[in-house]
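Visitor: In terms of the UniProt record's numbering, the sequence shown opens at residue 1 and continues consecutively.
All C-beta atoms in this analysis are idealised placements derived from N, C-alpha and C, irrespective of residue type, glycine included.
My questions will all concern the structure given below.
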Amino acid sequence: VSVYNDKKNYIVQNDIIEKNSVLEQEYQKVITELRLPYSLDIIDTLPKELLTYAEEVQDLGGIQTLNDMLHKIQDMSKKALGLIEEGFNALEEENEQDAMLSKQYGKLWSRPTSRALTQNLLTMGTQYNDTIQAAQKADRIVQAKVANWGKAIAMLSRPSADILSHLPQLQPEDELHAQITQLLTQLRRQLELLEKNARDRQDVEKEVKKMAEKDDISDALMSRCQELTKGSPIVKIQVEQFSDVFESYLKKYQSHQAILQQHAHEQDEIIYQLRQLHMQLNVMVSNIPVLMKREKAISNLEAAYSKIKEIRTNLVEGIKFYSNYIDILNQFKKECTDFCLARRMEAADLSRDHNPAKLLLYSNKK
1 VSVYNDKKNY IVQNDIIEKN SVLEQEYQKV ITELRLPYSL DIIDTLPKEL
51 LTYAEEVQDL GGIQTLNDML HKIQDMSKKA LGLIEEGFNA LEEENEQDAM
101 LSKQYGKLWS RPTSRALTQN LLTMGTQYND TIQAAQKADR IVQAKVANWG
151 KAIAMLSRPS ADILSHLPQL QPEDELHAQI TQLLTQLRRQ LELLEKNARD
201 RQDVEKEVKK MAEKDDISDA LMSRCQELTK GSPIVKIQVE QFSDVFESYL
251 KKYQSHQAIL QQHAHEQDEI IYQLRQLHMQ LNVMVSNIPV LMKREKAISN
301 LEAAYSKIKE IRTNLVEGIK FYSNYIDILN QFKKECTDFC LARRMEAADL
351 SRDHNPAKLL LYSNKK
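And the structure:
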């Protein structure tokens, strides 16, 4: 059994799996070198990758969602600055009132000045303001990205038929239109054959692996042992005496070896035809201005897909930043207004009825 399994595994591994792996590498190599089917699709249709990009952009809400997020950030930024300004205004108003009362009561008004007590709040507010200014600078960079890439992103946000119709394209009356169309048809047919060949190869490998897993020669070997020994325990047997049994069981793999070899010949022929046709196509389309513009436009749309992901990430981070920072600024504003309220209550208490004695008492306590 061990000898047979070694022979079987050698055939499966070397003649099927490794051979198919080599063929698969050759297949992938030509697909990569010729940029198939991309190099064909950019001429008369939309590359599959671009269609996928457009669907994803549409699922994300397209350019409208980006604009909505950008407006939200702008509103949040204004709100953040507004909270800082409201805090500063409250402190300034209280400071002016304190200065007025100090002037009114003169030496009798000896409590600490508002400016002395609010230094920490003023410093904190200035730091908050600087942070928002820096954030707004980053916002303007993102806004510029939206402006620069907005047209391409807006195009990706539209249905595929609209995208296709807006791309530069050869017209039926253009020179070489018929020849290019014919070449594209031939190339796509060869590509279909190559892809089918690859799928069939994989099916052969799967079938052989499955067959090898279930392959059990034990019963046949036991039958041969009985024939050779006639039930006698003293009869010696040799591996060579089972060669015909091995060969009989290994024959079922020969058909798969032959099929894979046929796929190899077919693939070589298809790849040759593909390269020849692709070379003809390249020569034909290389200097056609409208196709050069078309390829550039498609490349720009593909770049826009990368940009929309980058911009969306920037906007999500911006919204998150402002959401968290507005909570901090609300607390800052509250501290400012609470301070002002406490100072007004204190001032009202001290100045009630213009009681100089009370002011002197407060001064002595200080």
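Starting from the C-beta of I271, find all residues in its chain whose C-beta is less than 6 Å away, skip the five residues before and the five after it, and write them out in chain order.
Guide: V30
Visitor: Roughly how many whole angstroms lie between the Cα atoms of T185 and Q276?
Guide: Between the alpha carbons of T185 and Q276 lies a gap of roughly 14 Å.
Visitor: In whole angstroms, give me the CA-to-CA distance for K137 and T118.
Guide: 29 Å
Visitor: Can you grab the Cα-Cα spacing for the pair G318 / L51, in whole Å?
Guide: 29 Å
Visitor: Measuring only the C-alpha atoms, how far is V1 from H256?
Guide: In a straight line, the C-alpha of V1 is about 22 Å away from that of H256.
Visitor: I need the straight-line Cα distance from Q254 to K296, nearest angstrom please.
Guide: 51 Å
Visitor: Would the beta-carbon of A304 fall within 7 Å of that of A99?
Guide: no
Visitor: Taking buried to mean at least 16 other C-beta atoms within 10 Å of its own C-beta, is H265 buried or exposed?
Guide: Residue environment for H265: exposed (fewer than 16 other C-beta atoms within 10 angstroms of its C-beta).
Visitor: Below 7 Å between beta carbons: does that hold for S110 and E94?
Guide: no
Visitor: What separation, rounded to the nearest whole angstrom, lies between the Cα atoms of N350 and A342?
Guide: Rather than Asn, the amino acid found at residue 350 in this sequence is Leu. Using only the alpha carbons, I get a separation of about 12 Å.
Visitor: Quick check: the Cα distance between residue 388 and I11, rounded to an integer number of angstroms?
Guide: No answer is possible for residue 388: the residues shown for the chain start at 1 and end at 366.
Visitor: If distances are taken between C-alpha atoms only, which option among L66, K72, L122 and T65 comes closest to E86?
Guide: L122
Visitor: Looking only at its chain, what residues have a beta carbon closer than 6 Å to the beta carbon of L194, apart from the 5 residues adjacent to it on each side?
Guide: I270
Visitor: Straight-line CA distance for D219 to Q28?
Guide: 43 Å
Visitor: Take every Cβ of the stretch 322-337, pair it with every Cβ of the stretch 147-167, and state whether three or more of those distances are shorter than 8 Å.
Guide: no
Visitor: Assign A147 to one of two classes, buried (16 or more other C-beta atoms within 10 Å of its C-beta) or exposed (fewer than that).
Guide: exposed
Visitor: Short check: CB of A90 to CB of I132, under 7 Å?
Guide: Taking 7 Å as the cut-off, the Cβ atoms of A90 and I132 do not count as close.
Visitor: Buried or exposed, going by whether 16 or more other CB atoms sit within 10 Å of the CB of R201?
Guide: That one is buried.
Visitor: Can you check the stretch 230-310 for any alpha helix (DSSP H) of at least 4 residues that lies completely inside it and give the ranges in chain order?
Guide: Correct list: 243-250 and 254-285.
Visitor: Report the residue from E302, I328 and E26 whose alpha carbon sits nearest the alpha carbon of N197.
Guide: Nearest to N197 by C-alpha distance, out of E302, I328 and E26, is E26.
Visitor: Out of D327, L187, Q13 and N282, which one is the CA nearest neighbour of E205?
Guide: From the listed residues D327, L187, Q13 and N282, the smallest Cα separation to E205 is found for Q13.
Visitor: Which residues mark the beginning and the end of the alpha helix (DSSP H) in which T181 is found?
Guide: H177 to K214
Visitor: Going by the CB atoms, is the gap between V290 and P168 shorter than 7 Å?
Guide: yes
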